[in-house]
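Taking it in order: structure first as structure tokens, then the write-up.
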Amino acid sequence: KYACAGKACLKLAVINGVLMWLYLPLILVIFGFHVYVLPIDGLFPMMMVNGTVWWFVIANLIGFFLFRRWYKKQSRENGLTLADLGISYREDRFALDWGRIGRTALLAAILFAAAYLVQHLLEAIFIVDYRFIFPFASDLTPYRVMMFLLYFPFLLLGFLFLALFLHAQYRRPRKDSWLKTFVSWSATNVLVMIVPLILFLLLQYVPLLIAGIVPFVGPGGSLASFTMNLFHIIGVLILV
53 KYACAGKACL KLAVINGVLM WLYLPLILVI FGFHVYVLPI DGLFPMMMVN GTVWWFVIAN
113 LIGFFLFRRW YKKQSRENGL TLADLGISYR EDRFALDWGR IGRTALLAAI LFAAAYLVQH
173 LLEAIFIVDY RFIFPFASDL TPYRVMMFLL YFPFLLLGFL FLALFLHAQY RRPRKDSWLK
233 TFVSWSATNV LVMIVPLILF LLLQYVPLLI AGIVPFVGPG GSLASFTMNL FHIIGVLILV
């Protein structure tokens with residue numbers, strides 16, 4: 053089975069970091085399109101979400117094409133298969149285990165419902181809006197359900213592309229036990245996702261703390277607001 057190690061992993065981590073650093077450039081692109089070409093807030097009304105989702109999808113779409121190119125090369129030179137990467141359940145062709153996918157989807161739905169139930173009960177009991185800690189912790193109102201359904205396909209696509217990188221191309225060698233393997237893979241996956249964003253935050257806030265200079269401001273402070281959102285995006289990436 054395939055495993056990534058050494059300089060190959062470092063190279064992949066750097067490429068992933070570059071893609072994640074497209075955060076503000078891609079946001080500028082979509083806002084420029086919205087202002088100067090075609091307004092998009094009629095169909096996608098949450099502009100802050102639009103910028104974040106646009107970045108997440110496009111960055112991972114680029115990553116998908118890089119993965120596709122890498123896989124073709126490895127398949128041609130080393131005989132690598134989708135089964136070796138854990139993407140296919142059959143050696144001879146691409147195939148999915150729909151039973152496992154169904155159970156995984158059911159588990160995801162249960163975890164999703166449990167998280168919102170806990171949030172709702174705590175807010176109802178203590179009368180505290182937990183958005184002061186975590187902006188995404190909001191009651192699932194009918195309007196938010198519609199927004200969830202609107203943006204979910206794009207987020208799902210982005211996470212599927214991200215999974216190809218984390219769980220296939222960047223998969224680390226197995227350890228002595230399943231627990232050590234789980235801890236090792238989880239830690240490396242989290243680090244490769246959040247370290248580039250942490251470095252980006254340092255680039256924004258170290259000059260602010262030292263010299264009172266804000267490197268990324270943007271029109272009306274928009275880029276500063278998107279940069280602040282990275283704290284919560286990091287939290288989400290750690291959780292998932």
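To get our numbering, take the position in the sequence shown, counting from 1, and add 52.
We put the CB at the ideal spot given by N, CA and C, even for glycine.
Nonlocal neighbours in the same chain, by C-beta distance under 6 Å from residue i, ignoring five residues either side
| i | result |
| --- | --- |
| Ile-286 | Ile-246 and Leu-249 |
| Leu-192 | Tyr-168 |
| Ile-92 | His-86 |
| Phe-83 | none |
| Tyr-88 | none |
| Tyr-141 | Ala-147 and Asp-149 |
Cβ neighbour criterion (16 or more within 10 Å) applied to residue i
| i | result |
| --- | --- |
| Tyr-75 | buried |
| Gly-58 | exposed |
| Leu-131 | Rather than Leu, the amino acid found at residue 131 in this sequence is Gly. Gly-131 is exposed by the Cβ-count criterion. |
| Val-170 | exposed |
| Thr-279 | buried |
| Ala-156 | Checking the sequence, you will find Thr at residue 156 rather than Ala. Exposed: under 16 other Cβ atoms inside 10 Å. |
| Gly-115 | buried |
| Leu-78 | buried |
| Leu-148 | exposed |
| Leu-64 | buried |
Nearest-angstrom Cβ-Cβ length linking residue i and residue j, presumed shorter than 8 Å
| i | j | result |
| --- | --- | --- |
| Ala-263 | Val-269 | Their Cβ separation, rounded to whole angstroms, is 14 Å, which puts Ala-263 and Val-269 out of contact at 8 Å. |
| Val-105 | Phe-206 | 5 Å |
| Ile-265 | Pro-259 | 4 Å |
CA nearest to the CA of residue i, picked from the options
| i | options | result |
| --- | --- | --- |
| Cys-61 | Tyr-141, Met-72, Arg-128 and Asn-241 | Asn-241 |
| Leu-291 | Gly-154, Leu-231 and Ala-239 | Ala-239 |
| Leu-80 | Gly-273, Ala-160, Tyr-141 and Tyr-257 | Gly-273 |
| Gly-103 | His-86, His-172, Leu-174 and Phe-146 | His-86 |
| Glu-143 | Gly-151, Arg-196, Lys-53 and Tyr-168 | Lys-53 |
| Ala-55 | Val-288, Asn-281 and Trp-237 | Trp-237 |
| Leu-282 | Tyr-257, Ile-265, Leu-261 and Pro-271 | Tyr-257 |
| Trp-107 | Arg-152, Phe-211, Tyr-88 and Ile-265 | Phe-211 |
| Val-197 | Glu-175, Leu-174 and Phe-164 | Phe-164 |
Spatial neighbours of residue i in its chain, beta-carbon cut-off 8 Å, leaving aside the 5 residues before and after
| i | result |
| --- | --- |
| Val-101 | Met-199 and Tyr-203 |
| Met-72 | Ala-111, Met-245, Pro-248, Leu-249 and Phe-252 |
| Ser-127 | Thr-133 |
| Leu-118 | Ile-67 |
| Ala-160 | none |
Neighbourhood of residue i by C-beta, 7 Å cutoff - its chain only, sequence neighbours within 5 removed
| i | result |
| --- | --- |
| Leu-209 | Val-109 |
| Leu-255 | Pro-267 |
| Lys-227 | Thr-233 and Ser-236 |
| Leu-113 | Phe-213 |
| Ile-162 | none |
| His-172 | Asp-191 |
Residue i: CB within 7 Å of a non-hydrogen atom of the ligand SAM
| i | result |
| --- | --- |
| Val-247 | Questions concerning the ligand SAM fall outside what the structure shown contains, since it holds no ligand whatsoever. |
Stretch pair the stretch 96-103 + the stretch 135-149: three plus CB contacts closer than 8 Å
no
Please determine if the stretch 53-70 and the stretch 203-223 are in contact, where contact requires at least 3 C-beta pairs separated by less than 8 Å.
yes
Using a Cβ distance threshold of 8 Å, determine whether the stretch 108-124 contacts the stretch 202-216, with at least three qualifying pairs required.
yes
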